[in-house]
Amino acid sequence: MFRYKSVRSLKVLTVFFLLILFSANTVGQLPELEMPASVSGIPTTAKFFGGATADQGSSYANSFAFDLPISIFAEIQVEEAHLNTMGNLYIIILLGEDYFVRDENGVYHIWDLTLGNLLAASPEKTLQANEPLTIIENVAFGPAGVSGVALNIFLAYDSVATLGEIYYSGTPLIVAIEKEVVESASLTLFTSNISQPIIQSRCVVCHVSGGSASNSSLIYATTQAPEFQTTNYNTLVNYVKNVQNGAGLLLAKPQGQASHGGGVQLANPSTELTHLQEFINAVAAE
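Note that the working numbering has the sequence shown beginning at -12, numbered continuously upward.
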């Protein structure tokens, strides 16, 4: 089932899951986790199910955006011989190289992979044919401090009917949380200070296909074009980074310098010229 891994800090995982307590919940048809197994290697008829959803079970997926609230539901179907016997339910998470187990209070602990230190999420309960579990409900992992990682979630149980034996999902439920998408400083500046006040209000009159400056290396898209801001942003970034003295020309020409056919478009000093300089500096720094 598991092999020993090195131990690292569990601070983020513990802080996050302290807010999430183990509870029962009725769920729809969950994906089955394949390869149910037992510690002894003896085949088992137990079944394990689990899924992560952003729409309360209408659909299930394995990867979610940084700030998307999701729920993770699970279910254990115990062997018929274990019905109404005393047993324990376990939730085990592999995060990176570390294994964690959840106790009955919802707190996660690093697990050293020894059965003696395996804590039960639901201890000493009378086992039913179906044991539905809610691992989390309507929680966004990213803002809580868990992102850019994949959680491998294993389910397991035992019964006094077979002392020393543990039954588990040989295949984990994998839930990946994407990294936060952070907009670059230059894109933020372009969208707020460059696109409309400078490009669309001044430059696009000439620097457009069919315009008087259509032979220029700076050709912009108008607001009627799809994704015009993205197109124009990429055009400017490419000019600054790849044209010889592109940054200097981009500042000089709108001031009427460097043989600019359009004359003076940005006065010196002016707010627009300052914004253009800030944008160029941001591009150069990225």
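Virtual Cβ for every residue (Gly too), placed ideally from N, Cα, C.
From the DSSP output, which residues share a beta bridge with residue i?
i	result
D85	L82
Q43	In DSSP, Q43 forms no bridge with anything.
N75	D145
E19	F36
L160	I140
Y95	R89
F51	I164
Q231	Paired residues: none, contrary to the question.
Q242	V251
P269	First, the residue type needs correcting, since residue 269 is Ala and not Pro in the sequence shown. Beta-bridge pairing links A269 to no other residue.
So for residue i, helix, strand or coil by DSSP?
i	result
Y155	strand
G37	strand
P110	strand
K139	Before going on, a small fix: residue 139 reads as Asn here, not Lys. Note: N139 maps to strand in three-state DSSP.
I295	Absent from the model: residue 295. The displayed extent of the chain is -12 to 273, so no value can be given.
Q264	helix
V126	strand
P256	coil
A24	strand
T175	helix
Quick one, which of the options has its alpha-carbon nearest residue i's?
i	options	result
S25	N229, E167, T149 and L263	T149
A52	F36, L17, A137 and S27	A137
A239	L260, V126 and S27	L260
K228	I80, S45, Q244 and A271	A271
N117	A234, H69, I164 and L174	H69
V282	L102, S179, I206 and Q64	In this structure the chain extends from -12 to 273, so residue 282 is not present and cannot be described.
P18	I57, S27, A61 and K166	A61
G197	L76, A208 and R89	A208
A269	L174, S246 and E214	L174
T121	I140, H247 and L237	I140
A48	N180, A245 and V162	V162
>> To test your reading of the DSSP string, which unbroken alpha helix (DSSP H) runs of 4 or more residues are found completely within the segment 189 to 224?
In response: Those alpha helix (DSSP H) runs which fall completely within the segment 189 to 224 and span 4+ residues do not exist here.
>> Under 8 Å, with one C-beta from each stretch per pair, do the segment 246 to 256 and the segment 144 to 160 reach the 3-pair mark?
In response: A contact between stretches requires three or more CB pairs, one per stretch, nearer than 8 Å, and the segment 246 to 256 fails this requirement with the segment 144 to 160.
>> Quick check: the segment 71 to 88 against the segment 97 to 115, are at least 3 beta-carbon pairs closer than 8 Å?
In response: The segment 97 to 115, when compared against the segment 71 to 88, does touch it at the 8 Å Cβ threshold.
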